[in-house]
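As they're listed, the protein sequences go chains D and R. In terms of the numbering used here, the first sequence has 234 at position 244, counting the first letter as 1, and numbering is strictly consecutive. Position in the second sequence (from 1) plus 5 gives the number in the numbering used here. What follows is a short report on a single structure.
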Amino acid sequence: MPQDTLKDHGAEKKLVNIRLWVVVGFMTLLCLGLISRLFYLQVVRHVELSTQSDENRVLVQPIPPTRGLIYDKNGVLLAMNKPSHILSIVREQAKDLDVLLADIAKLVNLTEGELKRFDQRIRRRRPFEAVPLKFDLTSEEIARITVNQFRLPGVDINAELVRYYPEKEAFAHSIGYVGRINDRDLQTLDPALYSGTHTTGKIGVERSYESILLGKPGFQEVETNARGRVLRVLKKEPPVPGRDINLYLDSKLQKIAIEAINGRRGAVVAMDPKTGGVLTMASTPSFDPNLFVTGIDTKTFNGLNTNIERPLYNRASLGEYPPASTVKPVMGLALLANGVVKPEDRVFDKGWFQLPGSEHRFRNWKRSGHGWVDLKQAITVSNDTYFYNQAGKLGIDNLHDFASQFGFGHRTGIDIREERPGLLPSREWKRGAYEQPWYPGETVIAIIGQGYMLATPLQLAESTSLIANRGHYVQPRLVRENIPEVQGEFWGDDISTGLTDEADAFNWELIIGAMEEVIHSPRGTANWRIGRGLKYRMAGKTGTAQVVSIAQGEEYDAEKLKEFERDHSLFIGFAPADDPQIAVSVILENSNGASNVARKVMDAYLLPRLAAAKNQKDK
Amino acid sequence: MANQDFVRQIDLHGFGRGPALSMRWHVDFVLLFFLLLLCGAGLFLLYSATGRDLDVVTRQAMYLGVSFTGMLIIAQIPPRFFMQWAKWFYLAGVLLLVAVLFMGVSSKGAQRWIQLPGFRFQPSEVIKLIMPITMAAFFAKRRLPPSFKDIVIALVLIAVPVVLIAKQPDLGTSILIGASGAFVIFLAGLRKRIIASAVCLAVPSIYVLWHFFMYDYQKRRVLTFLNPESDPWGSGWNIIQSTIAIGSGGLYGKGWLQGTQSHLDFLPESHTDFIIAVLAEEFGLMGCLVLFALYALIIGRGLFITFNAQTLFGRLLAGSITLTFFVYIFVNIGMVSGIMPVVGVPLPMVSRGGTSLLTLLAGFGFLMSIHTHKSFMAGER
C-alpha cells in the first residue's frame, strides 16, 4: 500500500482501539447476562426443573383433529372417518426392536411391506411418538396382542379414525383420497399442523381443500413415570375439527352415469348451468380409493398404474380428446359472429371438399353428401362440407380467438388440481411446437374439431353450459360453499364472450334451435338413438372422433389393439332447451352411444324435477 | 507506546536470535493450544450427546483434522494477499449466491446449496469469511473515521449478500454475516450521531422486515420465543425441553453420559444446535463456566492479536473475526437457554458438523496470518 500522506495512522489506530475497548465492555456485559441466566436456571430453578426432568416427566402429546366430512348435494356422506385399530410401537419404551418385531410376528401376520413402511416411519418419528406398524386389526389380532402385552414393552393398540369412502370407485377421481404423508409432502407441510395426523389429501377435493378439511391439532400435557407410562393428564387443549364440505355432486346421478357407461372407458360431466355446480364427474374404469388410505402395497399399486385401461387417470378433467363435431355449434356461432355467413347462405355438398389448387379431398362423414345445406341444417345433420367451405373465410386466427372465449385451450379452473388445458391450435402455437407455419388445410379440419384440437370432457361441459346460458359464463365448481382461501387458487381464465347483447340473441337461438333439431328432428344425428319419447326439449350435438394412434411398442394382444383403434363417441347437450337446468358432456372411448348415456343422466335428473314443478303449478 | 514496543520486541525477535518459531512457521501456538483444548473437550461432549455414537465422533475428528490443516495453510498466506484480492472474492461470492438462487439445490424448503460432482457446497459459508475481508479492505484504504458516503457504500456491500442469504431462507447465517460486516464499520469509527440515528431507524425497519421479508416459519420462531407455551409441541418444544435440561443439571451436573433429557430423546438436535444443553445437564454450571473460560481465552487471544496488528486492515479483520466468534457463542447459548429466539446457529467448535468448523477455523487462520506476518521495516502503519 503506498504511503498515504493524508492518513493519520496514529490517530486511526487510537480510534480503532477505543472502539475495541467499547466492544470488550459490551461483551463482558453480555457474558454476565448469559452466566446469570444459567445461574437462574441451574441454581434458582434447579429443584423445580430437575423434578420435571426426573421422575415425573411432562410430555406433550398431540391430539389429532377429526377430518371434515364430505357430503354430496343431498347430504349423502361421500367421505367419512371410521375407527380402526392400529398396532403401534413407542421406540423409546421398546428394548430391542428386532426382537420385539419378531415376537409380534409370531402373534399377527406382518407383511414385508408393513415392515418396510414401519422402518421408514420410525426414522422420522417425534420423541415418544407411537409409530404405527399394522392397521385395521381384526378382533382376534387385538385379543392375541392384548393377552401378550405384558411381555411386549412399548407395544400399544389404539383406535384411530381412518378415512373411509363408502361409495368406493364412484368418486375416486373427483373426491380423491388421503394417503400417508411421504417425504415429498413433508417438504411443504407445516409439521405443527400435522402432529398426530398421519395422512394428507393426495388428489381431488381431498387435496385441494386439505387446509379446510384438516382442522387444527390439540394438545395434552401428560405426566408420565420414568418408563413413559401416562400417569395423568395435566392440561388439555382440544383440537379444532376440520370443516365439513358440501358438494354440488349428486351421488345418485353419478351412479346412474357410471351404470350407463356400462364398463366401457369413458367420462361423463354434468353441470348445473345456472351455478356452475358439477353434478356428475365420472371417469371409468375407476379404483377403490380406500386402498390408498393406510398405504397401498406395491403390487396392487403397480397393477393399477400399469393397467392398459388406466383406472387411476381422471378422464373427465385430464383426458384430452378431439372434440370432433361437438364443436360445430361453437364454430357455427363463430361464422355468424364474424359475418362469414348469413343464416340463409347455402352450400351444395357433393360429399367432399377440395382446397383450391389441391387434390386432397376432405370428405363428409356421409360419403354421398347432403345436397344443399344451410347453417342450421349443417348442424342438424352434422354436415362437414358446409364447415370445410367456410374454414378459409373464417381463418385460423378468428377461429382461435372465438373458440377461446368458450374455454377451449384454457383450464376451467375447477377446484381440483388434476386438470389439463386441452389444446386450441393457433399460428403461434404451431410455430412454437413444430417450427412450422400454419397450413390452410389445418383450418379445414380444425373447424370440425379434428386435427390438433383437443378438449377435456370438463371443458366440453363448460362450453355447453355457456351455450345453454346464451353467453353467460359460469365456472365449474365441485364444492358448494364459498371458501375463498382455497377457491382463490382456482380462478379460471377470465372468459367473457362479448356475445350477450340483444343483437346476438338471434344467433344464439338459431344455433340452439339447430341443436334441438339434432335431437328432435327425424334428420337429426341423435334422433334415432335418443329422440323418441323425450318428455322435454333437449338441445345437443353428437361427435365421432377418429383415433389416430395409441401408445405403441407395448405388449397388448391384437384383439385389444383393434379395440383401441375404434372411434370415440362424444355427445354434448343441455335441457330443457328454453330453461336449461343441466348440461352434459359424454365421451366413450372406442365405443358408440354417448348420447344414450347423456339421455339417461338427463332423464334421471330432470324427470323428477319437472314432475315436482308441475305439481307445484297444479296446486 | 514504549510498553507495546517492548511486547513486539519479544514477540518478533525472540531475544534477538532471529524470528521466533511462531514467526517462521506462521503459527500462533497460544491460539492453537486453546483451540485444540476446546475441540478435544467438544469431542467428549459429542460422544455423550449422540448416545455414544463412536462413528459420529470419529467423523467429527476427521473434520477437525481437515479444518485445522486448512487453518494452518491459510496462516501461511500474508494478509496483504487477502486485502489485494478482496473485491474479487466479494464479487465471486455474490455471484455464487445468485447462482444458488437460480440453480441451487433445495432441502427442507431452503435453497442453500450448489451441487458439484461429488459434494454439495454452501456459498453462504464462504461469505462468512469474505464479508469481514471485504469490509476491512474497504476501510483500510479510506480515511477514518469514514465519511457518510463511505458508510452508505459499505452498507450496500453488506446488504447484498445478507438479503440474498435471508431469501434462501437462512436467517441465522444472514444475521451473522450482517453482524461481521457491521463490526468493521463500528471499529472503523462510525460516528456516535450515526449510531444513535441507526438505533432510531431500527424500530421502523423491524416493522418492515416483519411484514414484508420474513417467512412464516421465521415469524413463528420469534413468536415462539416470546411465548414458548403457545406451541408446546411444535417449535416451543425445543426451548421448554432445553430449559429443563439446563436447569436439571444444577451446579455440578448429573455426570458425563448420565443426562436423561438428551438420552431419552426429549431434547431435539442434542448433538447439533442444542449441544450446550447436554453440557449443562451433565456438567452443571461449573462445566458451563469452564467452557466460557475456554472461549474467553480464545477471544482474549483474538483481541490481543487485534490490538497488536501492524496494519489497519489486519486490525479491522482480526477485530471482526473475533467479535463474530463471540456473537456465534452468544446467539447459540442465548437461544438454548431461552433468552434469544431459535435461529439455527451451531455452538462454535463443539456442535456436530464439518462446514461451520471449517469456516471458523479458516477465520482463525486469518488471525494467525495477521499475527505472524509482520514486516520489520515498515514501522507503525
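Positions of the beta carbon are idealized from the N, C-alpha and C atoms, including for glycine.
By a beta-carbon distance limit of 8 Å, A247/D contacts V258/D. Their separation comes to about 4 Å. Within chain R, the residues G252 have their CB atoms less than 8 Å from the CB of R35/D, given in chain order. Note that the C-beta distance between I156/R and I190/R is below 8 Å. A direct Cα-to-Cα measurement between A272/D and E334/D gives close to 40 Å. Beta-bridge annotation (DSSP): N354/D is not paired with any residue. Under the DSSP assignment, L59/D falls outside any beta strand (DSSP E); it carries neither an H nor an E label. With a contact defined as Cβ atoms closer than 8 Å, L77/D and K106/D miss out at about 16 Å. With respect to chain D, the C-beta atom of A285/R has a partner C-beta closer than 8 Å. Secondary structure at Q32/D: helix, using DSSP grouped into helix, strand and coil. H31/R sits close to T377/R, with the two beta carbons spaced by under 8 Å. In terms of CA proximity to G56/R, G264/R leads the group G264/R, G186/R, I199/R and I132/R. For S40/D, the nearest CB of chain R lies under 8 Å from its own CB, placing it at the interface with that chain.
As computed with DSSP, A393/D is found in no beta bridge at all. For P150/R, at least one C-beta of chain D is nearer than 8 Å to its own C-beta. Contacts with chain D at 8 Å (Cβ-Cβ) include L328/R. For K133/R, the enclosing alpha helix (DSSP H) begins and ends at P128 to A145. With respect to the C-alpha of K192/D, the residue from S164/D, P207/D and T18/D having the closest C-alpha is S164/D. For D109/D, the secondary structure class from DSSP, reduced to helix, strand or coil, is helix. Closer than 8 Å to the CB of I112/D there is not a single CB belonging to chain R. With contact defined as three or more Cβ pairs closer than 8 Å, the stretch 21 to 40 of chain D and the stretch 247 to 258 of chain R are in contact. For R320/R, a Cβ of chain D is located within less than 8 Å of the residue's own Cβ. Identification of residues in the stretch 3 to 32 of chain D having a C-beta nearer than 8 Å to some C-beta of chain R yields K3, L5, V6, N7, R9, L10, V13, V14, M17, L20, C21, G23, L24, I25, R27, L28, F29, L31 and Q32, given in sequence order. Of the other Cβ atoms in all chains shown, fewer than 16 fall within 10 Å of the Cβ of L19/D; this residue is therefore exposed. For N236/D, the secondary structure class from DSSP, reduced to helix, strand or coil, is strand. DSSP, reduced to helix, strand and coil, places W362/D within a strand of the structure shown.
With respect to the 8 Å criterion, S241/D and E409/D are not classified as neighbours on the basis of their beta carbons. Of the other Cβ atoms in all chains shown, fewer than 16 fall within 10 Å of the Cβ of M67/R; this residue is therefore exposed. Interface annotation, I310/R: not in contact with chain D, CB-CB separation never under 8 Å.
DSSP links G208/D through a beta bridge to I53/D. At a cut-off of 8 Å, the C-beta of F369/R has no neighbouring C-beta in chain D.
DSSP, read as helix, strand or coil, puts I577/D in strand.
Using a 10 angstroms sphere on the CB of N472/D, the tally of other CB atoms stays under 16, which defines it as exposed. Contact of S78/D with chain R by beta-carbon distance below 9 Å is absent, the smallest such distance being about 17 Å. Contact check between the stretch 287 to 294 of chain D and the stretch 412 to 423 of chain D: fewer than three CB pairs, one atom from each, fall below 8 Å, which does not count as touching. Considering only beta carbons, the part of the stretch 182 to 196 of chain R lying closer than 8 Å to chain D consists of F188, F191, L192, A193 and G194, in chain order. Of the residues G289/R, F279/R and I281/R, the one whose Cα lies closest to the Cα of G260/R is G289/R.
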